Amino acid sequence: MSDFPRWKYALVALVMLFGVIYALPNVFQPIPAVQVTANRDAPPIDEAVRQKAAAALQQKHVVAGEVLVSEDGHLLATFANSDVQKTGADVIKDALGDGYTVAFKLQPTVPRWLTAIGANSMPLGLDLQGGVHFLMQVDQDDVIDKQETSYADDIRNLMREKKLRYVSANRNAGRGNGISVAFRTEAERNTAADAMAVAFPDLNVTNGPDTDGHFVVTAKVKPDKLRELAANTIKQNLGTLRNRINALGVSEPLIQQQGEDKIVVELAGVQDPAEAKKLIGATATLEYRAQGGSDAQAAEAARTGNVPPDARLYYERGTGRPILLSKRIIATGNELVDATSSFDSQSGSPSVSVTLNATGAKKMLDFTTGNVGKRMGVVYVERVVDTKVVDGKEVRVPKITQEVINYATINGVFGKNFQTTGLGSAKEASDLALLLKGGALAAPTDIVEERVIGASLGQDNIEKGFKAVILGLALVLLAAAFYYKLFGLVADVALFFNLVVLIAIMSMIGVTLTMPGVAGIVLTLGMAIDANVLICERIREELRNGCTPHAAIRAGYEKAWSTILDANVTHLIAALALTTMGTGAIKGFGVTLMIGILTSLFTSVTLTHAFTALIHGHRKLKTLSV
Amino acid sequence: MEIFNHDSNIHFLGMRKYTVAIAIFLMVASVALIATKGLNYGLDFTGGVSMVVDYDQPVEIADVRAALEKGGLDHAVVQALGGTREVSIRMQPKDDPAALQSADGKVNLDRIAADVTRTLQAARPDAKLKSRDYVGSEVGAELRSDGTVAAIFVILGIMAYLWIRFERRFAIAAVITEVHDTLVTLGILALVQREFDMTVLASVLAVIGYSINDKVVVFDRIRELFRLARKAEPEEILNRSINNTLSRTIITSLFTGITMGALYFYGGPVVHGFAITMLIGIVVGTLSSIFVASPILLWLGVSKKDLMPVTKENPELARRP
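Chains as they are written, first to last, in my numbering: chain A, 3 to 628; chain B, 320 to 640.
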């Protein structure tokens with residue numbers, strides 16, 4: 003006699019199989035490796051490079067597991083431990099020279115048949131593998147400052163254009179308080195206010211207090227616009243950071259927005275944060291420059307080094323094409339207000355629309371008036387400050403890189419607004435817009451949190467965490483088997499599979515495993531047994547009340563269910579709150595706890611019920627081992 | 320095997336005047352402790368610089384402190400991290416004046432770390448820097464408010480659920496006991512001055528989840544017994560519910576306690592605070608489930624008719640003789 007439906011058996015078997023398969027990848031420990039990437043100007047990685055690296059390692063007696071060229075064109079060398087990895091990286095760096103970026107990596111060893119079905123091991127948090135962690139705050143105030151200053155300019159220009167007389171137009175004291183424009187008469191003020199409202203739809207124009215014969219209009223940037231700007235600023239900073247950190251060659255860097263105005267950067271395997279900090283702290287600007295010579299002249303100059311006196315030699319980003327540009331700057335990034343990618347209304351090709359502020363627009367207008375048909379280039383200038391110690395004193399050495407990001411023909415006279423058309427793809431357009439904004443608008447960032455976790459500490463934490471999980475599990479398994487006998491053993495199977503399924507789900511959705519996450523796993527193990535305790539106690543009670551064994555099992559599961567559900571839902575509410583906390587460590591703990599509660603509901607109730615039914619279902623019972 | 324006599328009928332509610340008085344006293348004492356001694360906030364909340372230093376040979380905390388003072392780093396807080404060879408050093412950036420001069424007002428973690436390592440190695444060459452952290456002060460303030468919001472969210476969420484699933488009085492009793500458990504746990508942390516860092520905050524929130532679990536199990540039994548009983552004397556029902564679930568309450572606490580013990584002894588310093596807070600919370604939560612939650616329920620005046628499942632009135636039936 004069994005009241006357990008067949009489909010539930012099937013479900014339990016399926017979940018157990020799923021758990022085992024998707025948890026399996028975590029058994030395969032990743033091994034320390036060094037990954038080499040070829041920089042833009044260096045020859046790509048091939049067999050020759052591989053042999054050079056392998057030979058250098060052999061010569062210095064560094065034992066490498068494997069040295070191979072991966073499918074995606076990287077050179078990979080694996081090592082026995084992180085100490086050898088470090089020496090190995092140094093040897094390879096010396097052997098290959100500047101053209102290659104050498105980075106630490108943990109090379110997964112999960113077999114291909116597992117990765118093919120999407121089964122991967124859990125990514126490890128920094129506290130488990132070592133690395134650097136930065137939390138950066140983006141200075142949103144700077145954005146407001148720039149906007150208000152630019153609007154103040156624009157308003158003055160508008161007054162001039164419309165021939166409206168005004169007394170003064172200045173930013174109000176206090177950031178975000180807008181711009182005050184004063185007039186002599188009320189009529190003047192009203193015409194101007196109307197004109198402003200029409201010309202600047204993003205401004206809220208209101209009449210201010212009238213003092214000593216002055217009539218005042220206050221223009222504030224609309225809150226919606228400010229929010230949009232703030233969101234964009236973070237996006238630009240994220241994009242710029244991503245570009246710069248890719249240059250570091252760190253495998254799988256984590257660059258993520260946290261909260262409203264913060265960015266987390268986590269670089270696994272990096273032990274010296276100096277290089278990363280330098281790149282993060284870099285500042286970028288833009289320069290619009292006129293054509294300084296033909297393509298032929300540029301190629302000539304690049305070859306011989308003879309640059310025309312009024313020109314400078316630049317190289318194009320990505321292609322490395324030489325370009326001659328005039329020494330005179332037309333406009334700079336400070337004068338750029340906005341850059342967005344869109345599609346050209348006439349040709350339909352991807353384009354970037356640029357908006358300049360009043361001063362930039364005037365210079366641009368002056369320049370383009372006389373230069374239609376000529377070309378203009380945009381130079382992206384990045385300044386990285388390096389601190390070196392010379393004679394015991396710290397000296398700041400700026401390193402400047404300049405690249406042409408766009409070189410296009412001027413098709414007509416323009417000033418404030420213009421478009422760059424004829425870009426290859428929508429992606430190219432959005433990249434260019436991002437670069438333009440990155441060079442002009444990205445807000446300054448401050449590092450508000452910095453953690454450097456030694457590689458050995460990470461290894462330590464893994465071992466300790468593993469030990470704690472195994473020991474916690476073993477003790478509970480023993481105690482349950484001892485106290486509840488056969489039912490305890492069934493609960494033990496369930497608890498073990500709870501751990502397996504929990505790990506499987508965490509691996510599948512890619513939850514990063516951290517030390518608080520490990521604590522969450524251990525806590526889940528301790529609390530998951532609660533449902534079984536409830537069921538077993540209930541069955542004992544029913545037996546005492548004189549139920550037959552089968553009836554006791556049925557009543558035990560039925561009556562315990564409502565209690566288990568209530569207890570778990572309330573617990574789930576608590577776990578949910580933990581996941582809403584902004585910071586990574588607590589979030590990891592909350593997510594683990596939440597998944598653990600859900601999996602334990604299944605394993606402790608449905609899975610044990612299936613096993614119990616399987617054991618007791620078809621037999622006549624006199625007693626129960628509980 | 321049974322540890323607890325299943326026929327146990329301890330008159331828990333008979334002691335309610337004393338147990339609740341003790342609970343109130345503990346709560347007041349906890350608030351006083353938190354207010355006067357305060358929580359020993361860790362780096363995550365206060366901001367500052369923290370380093371983990373390893374020694375090859377065992378080291379005395381006093382020696383590390385002396386070495387730092389000799390190097391002019393007076394205000395550093397030195398703590399042992401499980402064992403005698405690992406110490407944590409916590410300080411404010413302004414405590415290392417040398418490192419502040421060079422940087423343009425910004426904290427130079429690398430410089431401070433180098434200073435500390437140099438100072439320590441002067442006294443003991445086997446000192447090795449294992450990790451270093453810097454947290455800005457405003458980050459900590461934000462975390463504190465996030466934590467408070469999360470705790471309030473948990474308590475209100477649980478209250479709403481119990482209100483819907485059980486009844487108003489159960490929700491109120493649960494929340495009052497919840498607040499008691501949280502305050503007493505925090506009070507003990509303040510008393511022993513254990514470092515209160517982010518993992519401990521996570522643990523305190525987990526304690527709320529754990530202890531509500533316990534209360535709900537008892538409440539569930541109360542509801543069941545009320546519905547079954549023909550003549551329902553509330554005090555009698557509540558007492559029977561506590562006794563019936565007593566074995567489960569204690570066994571579950573033991574099981575969870577075992578795992579937290581494993582975490583405490585083998586999980587390493589990172590999760591020490593977490594495990595110890597959870598252990599405190601388990602004890603407090605278990606005791607309050609037995610001694611505090613039900614008396615409150617009784618005083619709130621819980622009765623059989625509040626808990627009967629709502630049956631639809633059938634006008635057809637009512638008309639019948």
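The beta carbon of each residue, even a glycine, is placed where N, CA and C say it ideally should be. Keep in mind that this is a model prediction, so the values were computed, not measured.
Between the CA atoms of residue 291(A) and residue 195(A) - distance to the nearest angstrom: When rounded, the distance between both Cα atoms is 37 Å.
C-beta neighbour in chain B for residue 564(A), strict 9 Å: Against chain B, the CB of residue 564(A) has a partner CB under 9 Å away; the residue lies at that interface.
Sufficient close CB pairs (3 or more, under 8 Å) joining the segment 450-458 of chain B to the segment 363-383 of chain B: The segment 450-458 of chain B vs the segment 363-383 of chain B: in contact.
Residue 459(A), enclosing beta strand (DSSP E) - first and last residue: Boundaries for residue 459(A): no beta strand (DSSP E) harbours it, while the alpha helix (DSSP H) harbouring it runs 457-510, taken from the DSSP string.
Proximal residues of chain B, C-beta to C-beta of residue 316(A) below 8 Å: What residue 316(A) touches in chain B: nothing, since even the nearest Cβ is about 31 Å away.
Closer than 9 Å to chain C by CB, residue 517(A): Of the protein chains in this structure, namely A and B, none is chain C.
Three-state secondary structure assigned by DSSP to residue 220(A): Strand, per DSSP.
Residue-level contact to chain B via CB, residue 24(A), 9 Å cutoff: It does not; no Cβ of chain B falls within 9 Å.
Residue 582(A) at chain B interface by Cβ criterion, 9 Å: Yes, its Cβ sits closer than 9 Å to a Cβ of chain B.
Given 8 Å, three or more beta-carbon pairs between the segment 529-543 of chain A and the segment 47-65 of chain A: Cβ pair count under 8 Å is below three, so no.
Span of the beta strand (DSSP E) around residue 627(B): Note, residue 627(B): premise wrong, no beta strand (DSSP E); not H, not E.
Pair within 9 Å by beta-carbon distance, residue 529(A) and residue 599(A): Contact: yes.
Residue range of the unbroken beta strand (DSSP E) whose run includes residue 34(A): Run containing residue 34(A): 33-40, per the beta strand (DSSP E) assignment.
Segments assigned alpha helix (DSSP H), at least 4 residues, entirely inside the segment 542-594 of chain A: Counting only runs that start and end inside the segment 542-594 of chain A, the alpha helix (DSSP H) elements of at least 4 residues fall at 551-582.
Span of the alpha helix (DSSP H) around residue 49(A): Segment 49-61, the alpha helix (DSSP H) holding residue 49(A).
9 Å Cβ cutoff, residue 452(A) in contact with chain B: It does: the Cβ of residue 452(A) has a partner Cβ on chain B nearer than 9 Å.
CB of residue 247(A) within 9 Å of CB of residue 236(A), strictly: The Cβ atoms of residue 247(A) and residue 236(A) lie no closer than 9 Å to each other.
Bridge partners - residue 620(A), DSSP secondary structure assignment: For residue 620(A), which the question treats as bridged, DSSP gives no partner whatsoever.
DSSP beta-bridge partners of residue 107(A): As DSSP reads the structure, residue 107(A) sits in a beta bridge with 35(A).
Near-chain B residues of the segment 482-504 of chain A - C-beta to any C-beta below 9 Å: Here the close residues are 482, 484, 485, 486, 487.
Proximal residues of chain A, C-beta to C-beta of residue 457(B) below 9 Å: Ordered by position in chain A, the residues that pass the 9 Å Cβ test against residue 457(B) are 139, 450.
Nearest residue (CA-CA) to residue 114(A), options 166(A), 132(A), 66(A), 30(A): When the alpha-carbon of residue 114(A) is set against those of 166(A), 132(A), 66(A), 30(A), the nearest one is in 30(A).
Rounded straight-line distance, which links the Cα of residue 430(A) to that of residue 268(A): Within the model, the alpha-carbon separation for residue 268(A) versus residue 430(A) is close to 27 Å.
Check whether residue 537(A) and residue 606(A) have beta carbons under 9 Å apart: In contact: residue 537(A) and residue 606(A) (Cβ atoms closer than 9 Å).
Chain A contact for residue 614(B) (CB, 9 Å cutoff): Contact of residue 614(B) with chain A is not assigned, every C-beta pair being separated by 9 Å or more.
For residue 541(B) and residue 557(B), believed in contact at Cβ under 8 Å, the rounded distance: With a Cβ gap of about 6 Å, residue 557(B) and residue 541(B) count as contacting.
Beta-carbon proximity list for residue 426(A), same chain, < 8 Å, skipping 5 on both sides: Taken in chain order, the residues that qualify are 352.
Opposing strand residues paired with residue 335(A) [DSSP bridges]: Partner(s): none; residue 335(A) has no beta bridge.
Expected contact under 8 Å - CB spacing of residue 263(A) and residue 421(A) to nearest Å: Not a contact, Cβ separation roughly 31 Å.
Secondary structure, beta strand (DSSP E): runs of 3+ residues fully inside the segment 232-316 of chain A: The beta strand (DSSP E) runs lying completely inside the segment 232-316 of chain A and spanning 3 residues or more are 256-260, 264-270, 285-293, given in chain order.
As assigned by DSSP and simplified to three states, the class of residue 168(A): Coil, per DSSP.
Other residues of its chain near residue 53(A): CB distance less than 7 Å, five sequence neighbours each side excluded: Apart from the 5 residues on each side of it in sequence, residue 53(A) has no Cβ closer than 7 Å to any other Cβ in its chain.
Same chain, Cβ closer than 7 Å to residue 403(A), neighbours up to 5 away in sequence not counted: For residue 403(A), where only same-chain residues beyond five positions count, the Cβ hits under 7 Å are 384.
Simplified DSSP state of residue 392(B), which is helix, strand or coil: In this structure, residue 392(B) counts as coil in the three-state DSSP scheme.
Of the residues 598(B), 508(B), 327(B), 329(B), the one placed nearest residue 355(B), counting alpha carbons only: Relative to residue 355(B), the option among 598(B), 508(B), 327(B), 329(B) whose CA is nearest is 508(B).
Chain A contacts from the segment 441-471 of chain B (Cβ-Cβ distance under 8 Å): For the segment 441-471 of chain B, which is checked against every Cβ of chain A, the residues closer than 8 Å are 448, 449, 450, 451, 452, 453, 454, 455, 457, 458, 461, 462, 465, 466, 469, 470.
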